[in-house]
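*Asks:* In terms of the numbering used here, the sequence shown opens at residue 5 and continues consecutively.
Every residue, glycine too, gets a C-beta built ideally from N, C-alpha and C.
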Amino acid sequence: MTRKVYVGGVAVGGGSRIKIQSMNNTDTADAKATLEQIARLADLGCDITRVAVPNMEAAEALKEICQVSPMPVVADIHFDYRLALAAAQNGAAKIRINPGNIGGPENVRKVADCCKERGIPIRVGVNSGSVSRDIIAKYGGVTGEAMTESALGAVKLLEDCDFEDIVISIKSSSPALTIETYRVLSKACDYPLHVGVTEAGTTREGIIKSAVGIGALLAEGIGDTIRVSLTSDPAEEVRAAKSILKALGLAKEGITFVSCPTCGRTHVPLIELASKVEDRICDLPYNLKVAVMGCAVNGPGEAREADIGLAGGDGEFLLFEKGETIRKIKADDMDAAVEEFVDEVIRVGKEKQTD
5 MTRKVYVGGV
15 AVGGGSRIKI
25 QSMNNTDTAD
35 AKATLEQIAR
45 LADLGCDITR
55 VAVPNMEAAE
65 ALKEICQVSP
75 MPVVADIHFD
85 YRLALAAAQN
95 GAAKIRINPG
105 NIGGPENVRK
115 VADCCKERGI
125 PIRVGVNSGS
135 VSRDIIAKYG
145 GVTGEAMTES
155 ALGAVKLLED
165 CDFEDIVISI
175 KSSSPALTIE
185 TYRVLSKACD
195 YPLHVGVTEA
205 GTTREGIIKS
215 AVGIGALLAE
225 GIGDTIRVSL
235 TSDPAEEVRA
245 AKSILKALGL
255 AKEGITFVSC
265 PTCGRTHVPL
275 IELASKVEDR
285 ICDLPYNLKV
295 AVMGCAVNGP
305 GEAREADIGL
315 AGGDGEFLLF
325 EKGETIRKIK
335 ADDMDAAVEE
345 FVDEVIRVGK
355 EKQTD
């Protein structure tokens, strides 16, 4: 088991539940826009968010952002240790740096001392593109062992400053290399691990790569906090992270949505129906399994474990709960059918909350 680190009031590692992270894509200096996005991410179930701090204007904006934010804010710092100091002084709950490029041991110590004084952890962030040529030559390429040595070398710079309140991330754009690296790293230290596939891509490809890389590691018990990195709205990162955790049985909050593939037995517009229903229910707060199935064969029978579901018939849908048919819903008006079903999902969700 990894050691436990607190990011603000949020525990990471040490057997605590896996935390979801995202990163704001607003201009951090625009505190209003950043806070609006943070609030939206928090509503979706994000536990920790990170903001870019490329200049002192952004570091100063953290005073307002961190004071108002409903969740801990991590300051992402590159190269300039003075930005790390300002971010810590202005309320950041965690500082993300690469100690190897912050300006030498003296500057690393300044950041470590400042964070230690305030009880702020540091995330050591290393990726496949930041491994030194010497280490690459030693291992014959960018391997899991090479990346682990690079990360632990950066960690040692903090340990030499008597600082051990550390989280490690060590990412690649390759899911296979990400998996290999975290396997090696998890055996080499007990620091909490921030897991993700970096530069994963746009929503479609990025979610697939992240599900493979993050999912494989979580299934092996590796990883304490995750971020799905997408070239998309950060809200999609949070939704994807929740789906990965739910698929592995590691999170119970929110809707679990299932639908069957289409086939020749389907006599209703299942693809359109499933998409519309998923869009409407994906952010609901209820702990429900919801099914949209194409026919009676794959309906109340195969989806009998669903709390509530729809199964296609001949020009109609069967509404069912726990495998028992409740009534029929006409299929001639798709929007009306979706609306009626969503109302039923909300009803069942509220009833389950009061049980």
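(1) Following the continuous beta strand (DSSP E) through E328, name the residue where it begins and the one where it ends.
(2) Looking only at its own chain, which residues have a Cβ that is under 7 Å from the Cβ of E168, when we skip the five neighbours before and after it?
(3) Buried or exposed: which applies to A295, given that a residue is buried once 16 or more other Cβ atoms fall within 10 Å of its Cβ?
(4) Should the stretch 143-162 be regarded as contacting the stretch 100-117, the criterion being three or more beta carbon pairs within less than 8 Å?
(5) On the DSSP letters alone, give me the boundaries of the alpha helix (DSSP H) that Y10 sits inside.
(6) My guess is that I350 and L288 are in contact by the Cβ rule of under 8 Å, so how many angstroms apart are they, rounded?
(7) Here's the rule: buried if 16 or more other CB atoms are within 10 angstroms of the residue's CB, otherwise exposed. What is C267?
(8) Pair every Cβ in the stretch 8-24 with every Cβ in the stretch 168-180, then say whether three or more of these pairs are closer than 8 Å.
(9) Only counting the same chain, and skipping five residues up and downstream in sequence, which positions put a Cβ closer than 7 Å to that of T182?
(10) Closest to D4 by CA distance: which of E61, A88, G19, F324 is it?
(11) Leaving out five residues before and five after G205 in sequence, what residues of the same chain have Cβ atoms less than 7 Å from its Cβ?
(12) Using CA atoms only, rank isn't needed, just tell me which of P74, S279, I69 is closest to D51.
(13) So, does the stretch 97-112 touch the stretch 120-133, judging by three or more C-beta pairs under 8 Å?
(14) With respect to the beta strand (DSSP E) encompassing G353, which residues constitute its N-terminal and C-terminal limits?
(15) Using only CA atoms, which one of P238, D283, A35 lies nearest to R44?
(16) Using three-state DSSP, classify E59 as helix, strand or coil.
(17) Closest by CA to G319, which one among A341, C264, Y143?
(18) Just confirm the distance between the C-beta atoms of I139 and E153, as a whole number of angstroms; I'd bet it's less than 8 Å.
(19) Going by other Cβ atoms of all chains shown within 10 Å of its Cβ, with 16 needed for buried, is A315 buried or exposed?
(20) With distances taken from CA atoms, which of A215, A63, G253 is nearest R21?
(21) What is the C-beta distance between I230 and A245, in whole angstroms, given that I count them as a contact (C-beta under 8 Å)?
(22) Quick one: Cα of V272 to Cα of D336, how far?
(23) Could you spell out the range, first to last residue, of the alpha helix (DSSP H) harbouring N111?
(24) Which residues in the same chain have their Cβ closer than 7 Å to the Cβ of I24, if we skip the five residues on either side of it in sequence?
(25) Using alpha carbons as the reference points, say which of L156, M151, G258 lies closest to C193.
(26) Can you give, in chain order, each stretch of the beta strand (DSSP E) that sits fully within the stretch 202-253 and has at least 3 residues?
(27) Any idea if R122 is buried or exposed, counting beta-carbon neighbours within 10 angstroms, 16 or more meaning buried?
(28) Name the two residues that bound the continuous alpha helix (DSSP H) containing I139.
(29) Buried or exposed: where does G210 fall if 16 or more other Cβ atoms within 10 Å of its Cβ makes it buried?
(30) Just mark T358 as buried or exposed, buried being the case when its beta carbon has 16 or more other beta carbons within 10 Å.
(31) Got a sec? Which residues, its chain only, sit under 7 Å from L39 by beta carbon, not counting five neighbours each side?
(32) Can you grab the Cα-Cα spacing for the pair E325 / G353, in whole Å?
(33) Does the beta-carbon distance from G19 to P196 come in below 8 Å?
(34) Throw me the rounded Cβ distance for the V55 and A63 pair, which I believe falls under 8 Å.
*Replies:* Put simply:
(1) Sequence index remark: in the sequence shown, residue 328 carries index 324 (1-based). From DSSP, the beta strand (DSSP E) with E328 extends over 328-334.
(2) The sequence position of residue 168 within the sequence shown is 164, counting from 1. Here the set comprises nothing.
(3) In the sequence shown, counting from the first residue as 1, residue 295 sits at position 291. Buried, by the Cβ-count rule.
(4) yes
(5) To locate residue 10, count along the sequence shown from 1; it is residue 6. First-last for Y10: 9-11, but that is the beta strand (DSSP E), not the alpha helix (DSSP H).
(6) Start at 1 with the first residue of the sequence shown, and residue 350 comes out as number 346. Start at 1 with the first residue of the sequence shown, and residue 288 comes out as number 284. At roughly 7 Å, the Cβ-Cβ gap stays under 8 Å, so I350 and L288 are in contact.
(7) In the sequence shown, the residue the question calls residue 267 occupies position 263. So C267 ends up on the exposed side.
(8) yes
(9) Translated into positions along the sequence shown, residue 182 becomes position 178. These residues qualify, in order along the chain: K175, S176, V201, G217.
(10) Since the first and last residues shown for the chain are 5 and 359, residue 4 lies out of range.
(11) Counted from its first residue, the sequence shown places residue 205 at position 201. Taken in chain order, the residues that qualify are K213, T235.
(12) Start at 1 with the first residue of the sequence shown, and residue 51 comes out as number 47. When only C-alpha atoms are compared, the closest one is P74.
(13) yes
(14) Along the sequence shown, read from residue 1 onward, the residue named residue 353 stands at position 349. Unbroken run through G353 is the alpha helix (DSSP H), 338-358; no beta strand (DSSP E).
(15) What you label residue 44 is simply residue 40 of the sequence shown in a count that begins at 1. Taking only the C-alpha atoms, the option nearest R44 is P238.
(16) Against the sequence shown, residue 59 aligns to sequence position 55. According to the sequence provided, residue 59 is Asn. The question's Glu does not apply to it. Note: N59 maps to coil in three-state DSSP.
(17) Within the sequence shown, the letter at position 315 stands for residue 319. Nearest C-alpha to G319: A341.
(18) For the purposes of this step, residue 139 is identified with residue 135 of the sequence shown, where counting begins at 1. For the purposes of this step, residue 153 is identified with residue 149 of the sequence shown, where counting begins at 1. Between E153 and I139 the Cβ distance is about 6 Å, and since that is below 8 Å, they are a contact.
(19) Taking the first residue of the sequence shown as 1, we reach residue 315 at position 311. Under this definition A315 is a buried residue.
(20) As a working note, residue 21 is residue 17 in the sequence shown. Here the closest residue by C-alpha is G253.
(21) As a working note, residue 230 is residue 226 in the sequence shown. As a working note, residue 245 is residue 241 in the sequence shown. Right, the Cβ-Cβ distance comes to about 6 Å (below 8 Å), so this counts as a contact.
(22) The count along the sequence shown starts at 1 and reaches residue 272 at position 268. The count along the sequence shown starts at 1 and reaches residue 336 at position 332. Whole-angstrom Cα-Cα distance: 9 Å.
(23) What you label residue 111 is simply residue 107 of the sequence shown in a count that begins at 1. Counting along the chain, the alpha helix (DSSP H) containing N111 begins and ends at 109-122.
(24) Walking along the sequence shown from the start, residue 24 turns up at place 20. So the list reads G49, C50, D51, I230, V242, A245, K246, once near-sequence residues are dropped.
(25) For this step, residue 193 is matched to residue 189 along the sequence shown. Nearest C-alpha to C193: L156.
(26) 229-231
(27) Translated into positions along the sequence shown, residue 122 becomes position 118. R122 should be labelled exposed.
(28) The residue you call residue 139 lines up with position 135 of the sequence shown. Taken as a continuous stretch (DSSP letters only), the alpha helix (DSSP H) holding I139 covers 137-143.
(29) Position 206 of the sequence shown, counted from the start, is the residue given in the question as residue 210. Label assigned to G210: buried.
(30) Numbered from its first residue, the sequence shown carries residue 358 at position 354. T358 comes out exposed.
(31) The sequence position of residue 39 within the sequence shown is 35, counting from 1. So the qualifying residues of the chain are I69, V72, S73.
(32) Your numbering for residue 325 matches position 321 in the sequence shown. Your numbering for residue 353 matches position 349 in the sequence shown. Rounded to whole angstroms, E325 to G353 spans 12 Å at the Cα level.
(33) Working through the sequence shown from its first residue, we reach residue 19 at position 15. Working through the sequence shown from its first residue, we reach residue 196 at position 192. No.
(34) Indexing the sequence shown from 1 puts residue 55 at position 51. Indexing the sequence shown from 1 puts residue 63 at position 59. Actually they are not in contact, since the Cβ atoms of V55 and A63 sit about 10 Å apart, beyond 8 Å.
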